[in-house]
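*Asks:* Chains A and B are the protein sequences, given in the same order.
Residue numbering for the first sequence follows my numbering, beginning at 2 and increasing consecutively.
Residue numbering for the second sequence follows my numbering, beginning at 43 and increasing consecutively.
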Amino acid sequence: GAGVSQSPSNKVTEKGKDVELRCDPISGHTALYWYRQSLGQGLEFLIYFQGNSAPDKSGLPSDRFSAERTGGSVSTLTIQRTQQEDSAVYLCASSSSRVGLAAGDTQYFGPGTRLTVL
Amino acid sequence: DAKTTQPNSMESNEEEPVHLPCNHSTISGTDYIHWYRQLPSQGPEYVIHGLTSNVNNRMASLAIAEDRKSSTLILHRATLRDAAVYYCILRASGGSYIPTFGRGTSLIVHP
């Protein structure tokens with residue numbers, strides 16, 4: 002079946018511009034995660050959505066970052082007034098986790114969006 | 043999620059077995075051990091997970107120490123396609139659902 006898809010695959014923008022990154026999770030997956038990965042680094046958690054619950058935004062690095070998930074499916078990560086330090090690969094993952102079952106579930110990752118801020 | 047410790051890098055020759063270690067001395071009784079790998083220019087992909095018993099699947103085997111303070115991912119015959127960064131993470135049952143990915147182990151496979 003279809004996996005997690007992300008668009009665009011690459012985005013080059015100028016400092017100060019806003020960007021929107023899109024994630025299409027696997028159909029039926031209730032949990033959706035956004036991470037970013039700087040060159041040579043591990044994954045940095047940004048935000049987590051679970052069903053209709055309020056998202057966990059504890060990983061967002063500043064108020065320039067925001068995300069929404071419409072209809073429990075597609076998610077958009079928005080970065081306002083981009084800075085050069087925002088350059089990274091932004092990864093989205095989904096899982097079918099339910100409360101109480103999260104420990105054993107697995108995440109399925111998209112290919113990522115490579116963001117370059119000039 | 044509790045912390046894990048992995049070597050920064052390991053090397054192997056093609057067709058040889060690879061044992062990737064992970065220490066998780068602060069693991070709790072309900073933490074699952076998960077392994078993911080990230081091929082170059084791709085998102086991470088699930089490899090295997092377990093709780094107490096050793097686990098086998100088509101990709102790899104997971105050997106879990108009796109005290110659960112460490113585990114080893116075993117690739118039985120490394121191929122060039124196995125060159126990737128391997129992440130060992132813990133998932134806490136009933137706690138945070140956000141796994142913490144460290145820097146992982148970069149596996150280099152020599153032909």
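Beta carbons: idealized from backbone N, C-alpha and C, even for Gly.
1) Is there contact here, the segment 44–63 of chain B with the segment 42–61 of chain A, by at least three beta-carbon pairs under 8 Å?
2) Where do the ends of the beta strand (DSSP E) carrying LYS12 of chain A lie?
3) Helix, strand or coil for ASP106 of chain A per DSSP?
4) What residues in the segment 75–95 of chain B bring their beta carbon closer than 9 Å to a beta carbon of chain A?
5) Note down the Cα distance separating TYR91 of chain A from THR94 of chain B, rounded to an integer number of angstroms.
6) Tell me which residues of the segment 47–58 of chain A have at least one Cβ-Cβ distance to chain B shorter than 8 Å, keeping chain order.
7) Alpha carbon to alpha carbon, how far is LEU102 of chain A from TYR88 of chain B?
8) Along chain B, which residues have their Cβ under 9 Å away from the Cβ of GLN85 of chain A?
9) One question on the structure: do ALA120 of chain B and VAL97 of chain B come within less than 7 Å of each other, judged by their Cβ atoms?
10) Distance check for ARG100 of chain B and THR83 of chain A, CA to CA, integer angstroms please.
11) Quick one: complete beta strand (DSSP E) runs, 3+ long, within the segment 11–47 of chain A?
12) DSSP three-state label for GLN81 of chain A, please.
13) With three or more C-beta pairs closer than 8 Å as the rule, is the segment 24–44 of chain A touching the segment 70–85 of chain A?
*Replies:* Well, looking at it:
1) No: fewer than three Cβ pairs fall under 8 Å.
2) Residue mapping note: residue 12 of chain A aligns to position 11 of the first sequence, counting from 1. Where LYS12 of chain A is concerned, the enclosing beta strand (DSSP E) stretches over 11–14.
3) Within the first sequence, the letter at position 105 stands for residue 106 of chain A. DSSP places ASP106 of chain A in coil when its eight states are reduced to three.
4) HIS76, TYR78, GLN80, SER83, GLN84, GLY85, PRO86, GLU87, TYR88, HIS91, LEU93
5) Looking up residue 91 of chain A in the first sequence gives position 90. Looking up residue 94 of chain B in the second sequence gives position 52. TYR91 of chain A and THR94 of chain B have their C-alpha atoms roughly 33 Å apart.
6) TYR49, GLN51, ASP57
7) In the first sequence, residue 102 of chain A corresponds to position 101, counting from 1. In the second sequence, residue 88 of chain B corresponds to position 46, counting from 1. With a pLDDT of 46 at LEU102 of chain A, under the threshold of 50, the modelled position of that residue is not reliable, and no figure is offered here.
8) Translated into the one-based positions of the first sequence, residue 85 of chain A becomes position 84. Residues of chain B passing the Cβ test: none, with the nearest at roughly 21 Å.
9) Looking up residue 120 of chain B in the second sequence gives position 78. Looking up residue 97 of chain B in the second sequence gives position 55. No.
10) Within the first sequence, residue 83 of chain A is the residue found at index 82, counting from 1. Within the second sequence, residue 100 of chain B is the residue found at index 58, counting from 1. Approximately 43 Å, taken between the alpha carbons.
11) 11–14, 20–25, 32–38
12) Your numbering for residue 81 of chain A matches position 80 in the first sequence. In the structure shown, GLN81 of chain A sits in coil (DSSP, three-state: anything other than H, G, I, E or B).
13) yes
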